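The structure appears below as structure tokens.
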Amino acid sequence: MINVLATELLKARRSRVPWVTALAFTVVALVGGLFMFILQDQERARSIGLIGTKASLAGGAADWPTYLSFLAQSTAVGGMIVFGLVEIWTFGREFSQYTVKDLLALPTPRVTIVAAKFTVVAAWCLLLTAQLLVLGLLIGTVLRLPGWSTVQVFSGLLQVGAVALLTVLLTTPVAFAACVGRGYLPGVGVMIAAVFCAQIVAALGYGQYFPWSVPALFSGLAGPDQPSPGTLGVVLVVLVGAAGAAGTALWWRQADHDR
Amino acid sequence: MTAPVIVANGLTKRYGEVVAVDDVSLRIAAGEIYALLGLNGAGKTTAIRMLLGMVRPTGGSVTVLGSEIRPGAHSVWSRVGYLVETPAAYPDLTVTENLTVAARLRGLRGRRQVDDVIERLRLTPYARNRARTLSLGNAQRLGLAKALLHQPELLILDEPANGLDPAGVAEIRDLLHELSRDQGVTVLLSSHILTEVARLATRIGVIHHGRLVREIAAVDLAEHVRQRLSVSARDRVAAEKALRAAGFDAIHSEGDQIVLTDPRAIGEPEAVAGVLVAAGCPPYRLAVEQDDLETFFLRVVEP
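Chains as they are written, first to last, in my numbering: chain A, 121 to 379; chain B, 0 to 302.
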């Protein structure tokens, strides 16, 4: 397993995709910081041209709880896209670059290769989340956001981490789609469908039963009047994650690899 | 007698109504260079993918190096090297890194095997180049290097000469001969180029429309090649008439030539010349010729 992990890490390290995903999460932290800066003093923001003269920004106070909540909500929605792209790239590249045939008749079981890929994806996504948290703390400190409470901030950081973990689990079916469809596009299609349906189902008030809506509900994105996902929601997310991973492994082991 | 390295019994693959491989049975002995020869779409690659466990047969069974090939069987692949269809490599990785990935997946430790195979396949000048910058020929060499990296007992190579220039083709041919002769490596390869296969293989299996229609030992190939007597005369019609009158059978025309496949004509071309001179249309060219290998191949697959 260590050898296979090393090969997956090498493949990831040599591409530009990790840098692109890191940039995406940097932008998320900076945009959150920008909102906080504007909310701190909207007149100041108008005077330096950050918002129009007649515009005003609603969305809470410029403090630590609001900023951390923004980061959690961004992870719920942006994470599904960025983590999904990581998943699609890691699996879909083997098909788009026709390298999968070199992974099919090896002394290393195919399931080990799939497990190594999921491990690298999970580590990659959690590193992105850690980067987001570190940047968030730095930006919040630079902006001198009020409302610091060690317990509250720690709880906010935990919430971001938990949302990221739930979101990573939900991307395994995207990997399955990239494998079955043998390329990037089927994975992208499933990811877009999942994000779209999550919004619709959450808006209809059934988000707690739809796994892809759960991270957003958990982050508070859907608003205070929405039900909490609760244990059932979390269990559904774990089941989806396990099903996606198991389906992918089974497909690699059993399917006809004729292309 | 040692056990066969590859045994396929009644190997069949259907995709709905389409039969890609139809009841193919093979026995390939240790040290053989066996070539699957067929036109594009004949079923060679599907057969090879079934031998490698990538495609599950609809019917029949495969045993490789004594192990039955089924989903999840993987230990046997440490003794097998392969190249399927066009070679692929990770474009962002260098030649060395691509081979390092292959080595790690095969559980090989250290750089020695990677360095050795780079030298053997003459990839040293490109070792630090990213795979995306390689020419088709060098990409093919990299694919072959991956197949040879772990010094396998069995090599399964799908169209190994693809993309190589004539010097590269000769080099790979020599390499495969050397591996077979000096190290007893068994080679199964596929090709659609008969002349290349005839120079390399010890046995040839002709596959057509998914069926193994004929197996020939390379040393017997000459016996299967037909002879014919080709005659050119100024008055072709009169010459042909004279030969028929003299009792020669199996005459037909190819352009301005008269072609006789009658064994008597092939055995006694001077008799044919005598008949034509006596008839007043002497030949200006008379030659006993053989079918070229392509003609032979087309005759086998489309009798």
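Backbone N, C-alpha and C fix where the C-beta goes; we use that ideal spot for every residue, glycine too.
Remember, predicted model here, so these are calculated numbers, not experimental data.
Is G31 of chain B helix, strand or coil when you go by DSSP?
For the sequence presented, residue 31 of chain B should be read as Glu rather than Gly. E31 of chain B: coil per DSSP, three-state reduction.
N- and C-terminal bounds of the beta strand (DSSP E) containing T62 of chain B:
58-63
Any 3 or more C-beta pairs closer than 8 Å across the segment 277-292 of chain A and the segment 195-207 of chain A
yes
For the segment 131-146 of chain A, enumerate the residues whose C-beta is nearer than 7 Å to any C-beta of chain B, in chain order.
K131, R134, S135
Supposed contact pair L193 of chain B and F296 of chain B - C-beta distance, whole angstroms, cut 8 Å
5 Å
What do you get for L188 of chain A, buried or exposed, if any count of 16 or more other CB atoms within 10 angstroms of its CB means buried?
buried
If you measure from the beta carbon of L174 of chain B to each beta carbon in chain A, is any gap under 8 Å?
no
Continuous beta strand (DSSP E) assignments of at least 3 residues falling wholly in the segment 169-255 of chain B:
185-190, 202-207, 210-216, 226-232, 250-253
Mapping DSSP to helix, strand and coil, what is P90 of chain B?
coil
Can you list, in chain order, the residues of the segment 236-257 of chain A whose Cβ is nearer than 8 Å to any Cβ on chain B?
none
Can you tell me which of the three DSSP states N97 of chain B falls into?
helix
Report the three-state DSSP secondary structure of L133 of chain B (helix, strand or coil).
coil
Between the CA atoms of G301 of chain A and V273 of chain A - distance to the nearest angstrom:
42 Å
Alpha-carbon spacing of S275 of chain A relative to G204 of chain A, whole angstroms
26 Å
Can you grab the Cα-Cα spacing for the pair E269 of chain B / P86 of chain B, in whole Å?
54 Å
Does the contact criterion of 3 or more C-beta pairs under 8 Å hold for the segment 159-172 of chain B versus the segment 135-143 of chain B?
yes
Run through DSSP, which three-state label would D261 of chain B get?
coil
Name the residues in the segment 180-192 of chain A whose C-beta lies less than 8 Å from a C-beta of chain B; which are they?
none
Same chain only: Cβ atoms within 6 Å of W244 of chain A, ignoring 5 sequence neighbours per side:
V206
Count the other CB atoms, across all protein chains shown, that sit within 10 Å of the CB of G303 of chain A; report buried if there are 16 or more and exposed otherwise.
buried
Identity of the residue in A:T287, A:M311, A:Q374, A:L265 nearest D183 of chain A by Cα:
A:L265
State the Cα-Cα distance for the pair L154 of chain B and R140 of chain B, rounded to the nearest angstrom.
14 Å
According to DSSP, is A19 of chain B helix, strand or coil?
strand
Limits of the unbroken alpha helix (DSSP H) element including T261 of chain A:
230-262
Among B:V6, B:L51, B:G9, B:A29, nearest to D378 of chain A - alpha-carbon criterion:
B:L51
Can you list, in chain order, the residues of its chain with a C-beta nearer than 6 Å to that of A88 of chain B? Leave out the 5 residues immediately preceding and following it.
N97, A130, L141
In or out: R103 of chain B buried (at least 16 other Cβ within 10 Å) or exposed?
buried
Would a check of beta-carbon distances place T262 of chain A closer than 8 Å to chain B?
First, the amino acid is wrong: residue 262 of chain A is Val here, not Thr. Chain B, which has no Cβ nearer than 8 Å to the Cβ of V262 of chain A, makes this no.
Nearer than 7 Å: is that true of the beta carbon of W244 of chain A relative to any heavy atom of the ligand FMN?
Judged by which ligands are present, the structure shown has none, so any question about the ligand FMN falls away.
Whole angstroms are fine: how far does the CA of A200 of chain B sit from the CA of G307 of chain A?
44 Å
Euclidean distance between Cα positions of Y81 of chain B and L252 of chain A:
44 Å
What are the residues that DSSP puts in a beta bridge with K43 of chain B?
Bridge partners of K43 of chain B: none, in fact.
Between the CA atoms of L226 of chain A and V124 of chain A - distance to the nearest angstrom
11 Å
At a CB-CB cut-off below 9 Å, which residues of chain B make contact with T368 of chain A?
What T368 of chain A touches in chain B: nothing, since even the nearest Cβ is about 15 Å away.
Using the Cα positions of G266 of chain B and S231 of chain B, report the straight-line distance between them to the nearest angstrom.
18 Å
Evaluate contact between the segment 347-355 of chain A and the segment 11-29 of chain B, counting only Cβ atoms and requiring at least three cross-stretch pairs below 8 Å.
no
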